[in-house]
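Peer 1:
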Amino acid sequence: MKTLKVLLVFLNIKKMQVLDAAFQIQLITELYTFLMKILQRKQHKSNTTRGQMARFLPGLGFSSCSRSDLETSLRQGGGMCLFNVPEAQRIFGAQRCGNLFVEVGEECDCGLTEVCKDPCCNATTCKLVPGAKCSSSGICCEKCQLRHSGSVCREPLGECDLPEYCDGVSSFCPPNVFLQDGHLCKNGQAFCYSGDCRTYESQCQVLWGPGSTQAPDDCFRSVNMKGDKYGNCGRSLNGTYIPCRAQDMKCGKIQCQGGNDRPLLGSNAEVVNRRETACRSAFFNLGDDIVDPAMVMPGTACGSGKVCINQKCQEVSALGVQECRRKCSGHGVCNSNANCHCDPGWAPPDCKSSGYGGSVESGPLEPEKDSRAVSTALLLLFLLVLPLTILVGVCYFKRSTLRQGLCRFRKASSCQYRISHTEARAMGQAPPERPRPPQRMQSTELQVMPPTTKPQVPVKPPPPKKPLPLDPATQDQEELLSAVPIYTPQAVVFPSRPAPPPPTATAIGGSLQVQQV
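Quick note on the numbering used here: the sequence shown kicks off at 666 and runs consecutively.
#1: Let's test the definition: count the other Cβ atoms within 10 Å of the Cβ of residue 728 and tell me whether it reaches 16, buried, or not, exposed.
#2: Ignoring anything shorter than 3 residues, give me the beta strand (DSSP E) runs that lie fully in the stretch 906-987, in order along the chain.
#3: Report the three-state DSSP secondary structure of residue 730 (helix, strand or coil).
#4: Specify, as a first and last residue, the run of the alpha helix (DSSP H) that residue 884 falls within.
#5: Note down, one range per segment and in chain order, each alpha helix (DSSP H) of at least 4 residues found wholly within the stretch 785-827.
#6: Quick test of your reading: residue 986 and residue 847, contact by CB under 8 angstroms. State the CB separation rounded to the nearest angstrom.
#7: Going along the chain, which residues of its own chain have a beta-carbon closer than 8 angstroms to the beta-carbon of residue 845, five neighbours each way excluded?
#8: Taking DSSP as the reference, what is the three-state secondary structure of residue 1059?
#9: Skipping 5 residues on each side, what residues in its chain have a beta carbon closer than 6 angstroms to that of residue 1165?
#10: Considering only residues of the same chain and omitting the five flanking positions on each side of residue 713, which have a CB-CB separation below 6 angstroms?
#11: Evaluate the contact criterion for the stretch 876-886 versus the stretch 897-905: three or more CB pairs, one atom per stretch, below 8 angstroms.
#12: Any heavy atom of the ligand MG within a distance shorter than 6 angstroms of the CB on residue 973?
#13: Which residues in the same chain as residue 770 place their Cβ atom closer than 6 angstroms to its Cβ, once the five residues preceding and following it in sequence are excluded?
#14: Going by the beta-carbon positions, is the gap between residue 1026 and residue 842 smaller than 7 angstroms?
#15: Skipping 5 residues on each side, what residues in its chain have a beta carbon closer than 6 angstroms to that of residue 1028?
#16: Relative to the C-alpha of residue 784, which residue among 790, 854, 955, 800 is closest?
#17: Count the other CB atoms, across all protein chains shown, that sit within 10 Å of the CB of residue 735; report buried if there are 16 or more and exposed otherwise.
#18: Is residue 736 helix, strand or coil when you go by DSSP?
#19: Count the CB pairs spanning the stretch 956-967 and the stretch 849-864 that are closer than 8 angstroms, and state whether there are at least three.
#20: Pull the bridge partners of residue 856 from the DSSP assignment, please.
#21: Which residue's Cα is closest to the Cα of residue 924: 1021, 918, 868?
#22: Could you check which residue in 981, 1013, 859 has the C-alpha nearest to that of residue 995?
#23: Compare the C-alpha of residue 788 against each of 912, 875, 794, 778 and name the closest.
#24: Expressed to the nearest angstrom, what Euclidean distance is found between the alpha-carbon atoms of residue 926 and residue 873?
#25: Tell me, please, which residues DSSP counts as bridged to residue 1006.
#26: Work out the CA separation of residue 814 and residue 767 for me, nearest whole Å.
#27: Comparing the C-beta of residue 814 with each C-beta of chain C, is any distance below 7 angstroms?
#28: State the CB to CB distance for the pair residue 825 and residue 878, rounded to an integer number of angstroms; the pair is presumed to be in contact (CB under 8 angstroms).
#29: Helix or strand or just coil, what does DSSP make of residue 1173?
#30: Who are the near neighbours of residue 1011 in its chain, counting only those whose CB is closer than 8 angstroms to its CB and skipping five residues on each side?
#31: Cβ atoms of residue 793 and residue 762: under 7 angstroms apart, would you say?
#32: Report buried or exposed for residue 982, applying the criterion of at least 16 other Cβ atoms within 10 angstroms of its Cβ.
#33: Which class does residue 1192 belong to by DSSP, given the choice of helix, strand or coil?
#34: I need the DSSP call for residue 878, collapsed to helix, strand or coil.
#35: Is the beta carbon of residue 959 sitting closer than 7 angstroms to the one on residue 919?
#36: So, with DSSP's three-state summary, where would you put residue 900?
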C-alpha cells in the first residue's frame, strides 16, 4: 500500500477523490499490473522457477467480479487511505524539472521529454510555450487557454453535492465541496451527510444487492439490543460489544430484508436470518482499523428531526445547519465549509446583493447567454415597444378628441360629419345625415358694414382684353380689301361765332392787369 501511494504521487493524482470510480478502477488496475510485473522480474532474478511463480503469484489483472466489487467499494467511500497523498518534497526531495510536480519557479511540469504529451508545456524548461496561458493538465484549461469564468468543471454527484466552476484565473478546478451535513434530501425523508443522502434502503442494497429493503423496527429492537456481533451499537475499549438503548436501536447494525443470499462485500461475512420477522444482518471481520460496513452509517435519519451520530440517535440541530442557513439571507444553502452557496442572481458570501451565485469556494456561476438576450429584449421592450404601444392605445381611445382638434385647425364642415359617423357606428346607431350645403340668396336689404381702419388700397385696373382671333375666311377678305386705298372726303368746318378781340393791358396801382373781353 505504501508503494501504491508513492506511485500515485508520481502519477500526479493529487485530487483522486474528484475522479469517477471507473477511472479509479482503471488506474488501480494499471498500478496493480505494474507491481505484479516488478514482482515477477525480482523473482526471475532470484532464480525462481516458472512453476513456483505460477504457484505463488496472483493474476496480472482483475476479474470482472473483482472489478465490480472494487467499483462498489470506491463508490461507497472505500479506499480513502489512497487519498492522503504525501507531499512531493517528502518523496522526491529536491526540486527538479520533469518530476510531474509544478514547483517553485515552474509554470508546468509534464514529465520527461520522452513522455511529455502536453502541447502547452515545454518539458525542457517547465515553462509554458509562447501564446499558452495554462497547461492542459488542468481541467479549466482548453487548447492552452483558460476557460472563462463560470464554466462548470465538476458536476454535482447527487442531490447532496454542489457543482464547482472555473474562476478564469487558474487552470485547476476548485476543491470539491458539498451540502453541509443535516440538509434534507429524498423529499425530506433523509439527511445529507458527507455529500451523500443516506437511507436504510440504500445501505441494504449496498450489502445485499438490488431488491433489498429496510427491515421492520422489531428487527432493530430484537437484534441490536442484544449486544453481540450481529447486533450492537459499537464496541468498548476492551473489545466487548455495546448493546443499543431503545432510543438508539436504529443506529446500530443495519437490518435488512430481501436481496441476495450472500452480501456483496467481502467473502468472510457471516449471515444470520431471523425467521420470526424475516430480518437479515451480517458480520464482517475486516480488522479493527476498518469501519464495519454492516453498521448504520452516520447521518442516517433515525426519527423525526433526528439523525445517527456515533451510534446514537441525536437531534439534527447538533450538526449546526440551521445556524449556517440564517446567514444566507434565504437565497442560498450552506456548503461543507459552512459558507453560503448562493442561488443564481445573488452574490456570496451572504447572498444579500445581486451577483452570479455560487460560493467563495466553488467560483461564480456562468451568466447564461440566453438570460443576456432576454435582458436586452426586455430593456428594448420597456424603452421602445411599450411606450409606443401605450401611445397608440391612448390615441385610439382618444381618437374622437383628436379628430375634433384637427377639425378646429382645418375648419372643415365635413370633419364633424366623419366624427359623428364614426361614433354612431361604434354605438351601433345609424349615422346622422350630412348637412346640406348653404343656399346663397341675394339680399335686398341694405346691410351696413362696420367701418374699417384698414387703408384703402387703389384697385388695380383690369388688364385689357385680348381681341378674339378672326375667322380665316373673313381674314382673307379683309386682306384683299385692305390692299385697295380708301379716300374719305374732308368736311369743311365753319366757326359758329366770330373770333374774340385781342387782349389789352391796363395798369392799376402800379400793377399790370390783363383784361379779356
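Positions of the beta carbon are idealized from the N, C-alpha and C atoms, including for glycine.
Peer 2: Concretely, from the data shown:
#1: To locate residue 728, count along the sequence shown from 1; it is residue 63. Its Cβ having fewer than 16 others within 10 Å, residue 728 is exposed.
#2: For the stretch 906-987, whole beta strand (DSSP E) runs of length 3 or above, ordered along the chain, are 935-939, 944-948, 966-968, 971-974, 977-980.
#3: Here residue 730 is taken as the residue at index 65 of the sequence shown, counted from 1. For residue 730, the three-state secondary structure derived from DSSP is helix.
#4: Translated into positions along the sequence shown, residue 884 becomes position 219. It spans 882-889 - the alpha helix (DSSP H) in which residue 884 sits, taken as one unbroken run.
#5: With a minimum length of 4 residues, no continuous alpha helix (DSSP H) run stays inside the stretch 785-827.
#6: Taking the first residue of the sequence shown as 1, we reach residue 986 at position 321. Taking the first residue of the sequence shown as 1, we reach residue 847 at position 182. Correct: roughly 3 angstroms between the Cβ atoms.
#7: Position 180 of the sequence shown, counted from the first residue, corresponds to residue 845. The beta carbon of residue 845 lies closer than 8 angstroms to those of 857, 984, 985, 986, 989, 998, 999, 1000, 1001, 1003 in the same chain, with the five residues before and after it left out.
#8: Taking the sequence shown and counting its residues from 1, one reaches residue 1059 at position 394. Here residue 1059 sits in helix by DSSP.
#9: As a first step, residue 1165 must be located in the sequence shown, where it is residue number 500. Sequence-distant Cβ neighbours of residue 1165 in its own chain, meaning closer than 6 angstroms and more than five residues away, do not exist here.
#10: Here residue 713 corresponds to residue number 48 of the sequence shown, with the count starting at 1. Confidence at residue 713 is low in this model, with a pLDDT of 42, below 50, so its placement is unreliable and no value can be given for it.
#11: With a cut-off of 8 angstroms, the stretch 897-905 and the stretch 876-886 do not count as touching, because too few Cβ pairs lie within range.
#12: You won't find the ligand MG in this model; it holds no ligand whatsoever.
#13: The residue given as residue 770 occupies position 105 in the sequence shown. Correct list: empty, nothing qualifies.
#14: Translated into positions along the sequence shown, residue 1026 becomes position 361. Translated into positions along the sequence shown, residue 842 becomes position 177. Pairing residue 1026 with residue 842 gives a Cβ-Cβ distance under 7 angstroms.
#15: Numbered from its first residue, the sequence shown carries residue 1028 at position 363. Answer for residue 1028: 830, 832, 839, listed in chain order.
#16: Position 119 of the sequence shown, counted from the start, is the residue given in the question as residue 784. Checking every option, the nearest Cα to that of residue 784 belongs to 800.
#17: Residue mapping note: residue 735 aligns to position 70 of the sequence shown, counting from 1. By the neighbour-count rule (16 or more Cβ atoms within 10 Å), residue 735 is buried.
#18: Position 71 of the sequence shown, counted from the start, is the residue given in the question as residue 736. Here residue 736 sits in helix by DSSP.
#19: The stretch 956-967 is in contact with the stretch 849-864.
#20: Working through the sequence shown from its first residue, we reach residue 856 at position 191. Note: residue 856 sits in a beta bridge opposite 849, 863.
#21: Translated into the one-based positions of the sequence shown, residue 924 becomes position 259. Looking at the Cα atoms, 868 is the closest of the given residues.
#22: The sequence position of residue 995 within the sequence shown is 330, counting from 1. 1013 is the residue among 981, 1013, 859 whose C-alpha sits nearest the C-alpha of residue 995.
#23: Within the sequence shown, the letter at position 123 stands for residue 788. Each of 912, 875, 794, 778 was checked against the Cα of residue 788, and the nearest Cα belongs to 778.
#24: Numbered from 1 along the sequence shown, position 261 holds the residue referred to as residue 926. Numbered from 1 along the sequence shown, position 208 holds the residue referred to as residue 873. Cα-Cα distance, rounded: 7 angstroms.
#25: Counted from its first residue, the sequence shown places residue 1006 at position 341. For residue 1006, which the question treats as bridged, DSSP gives the partners 998.
#26: For the purposes of this step, residue 767 is taken as the residue at position 102 of the sequence shown. For the purposes of this step, residue 814 is taken as the residue at position 149 of the sequence shown. So the alpha carbons of these two residues sit roughly 23 angstroms apart.
#27: Chain labels in this structure do not include chain C; a single protein chain is all it has.
#28: Position 160 of the sequence shown, counting from 1, holds the residue named residue 825. Position 213 of the sequence shown, counting from 1, holds the residue named residue 878. At roughly 21 angstroms, the Cβ-Cβ gap does not stay under 8 angstroms, so residue 825 and residue 878 are not in contact.
#29: Numbered from its first residue, the sequence shown carries residue 1173 at position 508. Below a pLDDT of 50, predicted positions are generally treated as unreliable, and residue 1173, at 45, falls in that range; no measurement from the model is reported.
#30: Position 346 of the sequence shown holds residue 1011. So the qualifying residues of the chain are 994, 996, 997, 1017, 1018, 1019, 1020, 1022.
#31: Translated into positions along the sequence shown, residue 762 becomes position 97. Translated into positions along the sequence shown, residue 793 becomes position 128. Not in contact: residue 762 and residue 793 (Cβ atoms no closer than 7 angstroms).
#32: Indexing the sequence shown from 1 puts residue 982 at position 317. Exposed, because fewer than 16 other Cβ atoms sit within 10 Å of the Cβ of residue 982.
#33: Residue 1192 lies beyond the residue range present for the chain, which begins at 666 and ends at 1182; the question has no answer from this structure.
#34: Taking the sequence shown and counting its residues from 1, the one referred to as residue 878 is at position 213. Three-state result, residue 878: strand.
#35: Here the question's residue 959 lines up with position 294 in the sequence shown. Here the question's residue 919 lines up with position 254 in the sequence shown. Contact check for residue 959 against residue 919 passes: the beta carbons are separated by less than 7 angstroms.
#36: Counted from its first residue, the sequence shown places residue 900 at position 235. The three-state secondary structure of residue 900, taken from DSSP, is strand.
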